[in-house]
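Heads up: the sequence shown at position 12 corresponds to 1070 in the numbering used here, and the numbers run straight through without jumps. Read the structure below first, then the notes.
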Amino acid sequence: MKTKMILTTALTLITMSMFAQNNDGRIPAKGFAVFEEKGHFQPYNFSRHAVGDNDIQIDILYAGICHSDLHHVFADWGAEEYPMVPGHEIAGRVVAVGKNVTRFKVGDYAGIGCMIGSCRHCDACEHDLEQYCEEGAIMTYHGIDRFNDNEHTQGGYSDTYVVAEDFAIRIPENADIAKVAPLLCAGITSYSPIMQAGVKSGDKVGITGFGGLGHMGVQYAISLGAEVTVFDITEEKREDAMRMGASRYVNVNNPEDLKGLDRTFDFILSTIPAKYDMTMYMKMLKLNGQFGIVGLPAFRNMPSLTVADLIFQGPRKVFGSQIGGIKETQEMLDYSVEHNIYPEVEVIKANGEEIDKAYQNVLDGKVKFRYVIDMRTMK
Ligand code: NDP
Ligand code: ZN
């Protein structure tokens, strides 16, 4: 035991000295940024705050490309600041730990999702819902880190990240690490509303938008024993849906497919990133059915329900959901590894052209089902 401790301490010191610090203690980092709205990805050198007593430093192995990254790069949700390094699906190895850290040691796998801090004392934080922090959750990129000199946060398309241990997620050593990163956003964002809706064995569940989030939702719902119908806008994903265990696939552009669905679902989850007919899905819910919404289209192209829709659909409930709190994210990750639930990924090399190409493919509906950047291939 004692020998193990000495070895761990020695490893920590060696590893810390391997990772250079600037004169001001900041940690040099490099990654890929866009320098303007809709810009191309180019190499970018920057730095991260020093490893504080409660922080860990993660050497990033894989970073997922979420459709939210595209929304940010395209300024779909309002003005952004540049340069911007996106990436909030991060899996890597711990290379340094602060002196108060208890949940991680050097050499462990660790993950980071969409947020890296919150006030920790408001009603939301006390209920493990840090993403709704009343003082504002600090986002992994495109955020202002008020606990670290208001630094502008930069994301996971990079080589290293420093984060408070309380906002890092433990990844078991037996996890399929090349596939873990998307769990940190696509995984939790679909898992949480399915849990909130109380989906159970025998329920009829619809998942609309069969992309990164949607194909995770399909797997979680099936793992709970639900009978799943997948909705998307193309024929090309029909076989994939059936292969993943869905009982039906609906191409919403095919009127024949839509017949007979009204009043048949206990729960429908929408991950659609574009404008669509929400009322159509409300009509598909049973009397006490629920409609969970996570897809967040561009603000200029927002779908909507009217007051009349809500009133005339009576007892049916509509709710939105943003990622998940840290406790639930850990629960989702452990559940996923235990049940062998992973995204289907296409691993790409870390260079600007590859990332640009991946973005275009996501826009063109050509990704199955999540791009993951192998950050170790960065030159
Ligand atoms: P993807 O692009 O991977 O998947 C979206 C899927 O929706 C694609 O298969 C797309 O088809 C399909 N689609 C597009 N239009 C329709 C339509 N009218 N009806 C049915 N399906 C449609 O995106 P992600 O899964 O990564 O993200 C989805 C959305 O969720 C984004 O808006 C993202 O920002 C948001 N999000 C929200 C979070 C939250 O906390 N609430 C967290 C993470 C993401 P095709 O590929 O053919 O275009
Ligand atoms: Zn995301």
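Where a beta carbon is used, it is the ideal one built from N, C-alpha and C, also for glycine. No experiment lies behind these values; they were computed from the predicted model shown.
1. Checking 9 angstroms against the spacing of the C-beta atoms, do Met1058 and Leu1319 come in under that value?
2. Answer with buried or exposed for Gly1256, where buried requires no fewer than 16 other C-beta atoms within 10 angstroms of its C-beta.
3. Cβ of Cys1183 within 8 angstroms of any heavy atom in ligand 2?
4. Tell me which same chain residues have a C-beta within less than 8 angstroms of the C-beta of Thr1287, skipping the five on either side of it?
5. Does Val1420 come out as helix, strand or coil in the three-state DSSP assignment?
6. On the DSSP bridge list, what partners appear for Phe1377?
7. State the DSSP-derived secondary structure class of Phe1268, mapped to helix, strand or coil.
8. Does at least one heavy atom of ligand 1 sit under 8 angstroms from the Cβ of Ile1170?
9. Tell me which same chain residues have a C-beta within less than 7 angstroms of the C-beta of Val1405, skipping the five on either side of it?
10. Flag this pair as touching only if the segment 1379–1394 and the segment 1358–1369 have three or more C-beta atom pairs under 8 angstroms; answer yes or no.
11. Among Ile1148, His1129, His1130, Pro1101, which has the Cα closest to the Cα of Tyr1120?
12. For Ile1312, tell me which candidate among Ile1291, Ser1328, Ser1250 has the shortest Cα-Cα distance.
13. Which residues are close to ligand 2, meaning CB closer than 5 angstroms to any heavy atom, in chain order?
14. Can the beta-carbon of Pro1361 be found less than 9 angstroms from the beta-carbon of Ile1326?
15. Can you tell me which of the three DSSP states Pro1251 falls into?
This is what the structure holds:
1. Examination of residue 1058 is not possible in this model, given that the chain is present from 1059 through 1437 alone.
2. exposed
3. no
4. Lys1262, Val1263, Gly1264, Ile1265, Ala1304, Ser1305, Arg1306, Tyr1307, Val1308, Leu1319, Phe1323
5. helix
6. Gly1350
7. coil
8. no
9. Ala1236, Val1430, Asp1432
10. no
11. Ile1148
12. Going by the sequence as given, residue 1312 is Asn instead of Ile. Looking at the Cα atoms, Ile1291 is the closest of the given residues.
13. Cys1124, Ser1126, Cys1243
14. no
15. helix
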